[in-house]
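In terms of the numbering used here, the sequence shown is residues 81 to 153.
Structure record follows, encoded as C-alpha cells.
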Amino acid sequence: MQSNNVKTVDVMPDAQERYNRRLHARLAQTVWATDCNAWYKTRWGKNTTLWPGFTVEFRWRTRRFDPSVYVTA
Numbered sequence: 081m082q083s084n085n086v087k088t089v090d091v092m093p094d095a096q097e098r099y100n101r102r103l104h105a106r107l108a109q110t111v112w113a114t115d116c117n118a119w120y121k122t123r124w125g126k127n128t129t130l131w132p133g134f135t136v137e138f139r140w141r142t143r144r145f146d147p148s149v150y151v152t153a
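If you want it as C-alpha cells, here you go:
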C-alpha cells in the first residue's frame, strides 16, 4: 500500500455479495445451521461469525490479495 500510495482498500459490493451467498449456502449444510441459540447467531438466526470449513481452507483462500475485487484510494 505504501509503495503504491494507497490509503484505503474496500471490497466491491458485488464481490462481497457473491462471497456471502456462497458462505451462507455452505453454512446451511452444517451443524451450525440448527435451531440452537448461540452467541455467533443474530436474534433472527443468521450466523455472522463461523467459517463453514477447515482452518487450512480459510488460510488457503486468504493467503493472497486479489486486487480485482477491491476499490483503492
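C-beta atoms are modelled at their ideal positions from N, C-alpha and C, and glycine is treated no differently.
Residue i - containing beta strand (DSSP E), residue span
i    : result
Y150 : 150-152
D94  : That residue, D94, is in no beta strand (DSSP E); its alpha helix (DSSP H) goes 93-107.
Spatial distance of residue i from residue j (CA atoms)
i    : j    : result
W119 : R143 : 28 Å
V89  : W140 : 21 Å
T129 : M81  : 28 Å
For residue i, the nearest candidate out of the options (CA to CA)
i    : options                : result
L103 : S148, F138, T152       : F138
Y99  : W131, V136, V151, T152 : W131
P147 : V91, A108, S83         : V91
K126 : C116, F134, G133       : C116
Q109 : Q82, G133, Q96         : G133
Start and end residues, alpha helix (DSSP H) containing residue i
i    : result
R139 : 135-141
Bridge partners - residue i, DSSP secondary structure assignment
i    : result
N127 : K121
The ligand MG heavy atom lying under 7 Å from the CB of residue i
i    : result
W140 : The ligand MG is not part of the structure shown, which contains no ligands of any sort.
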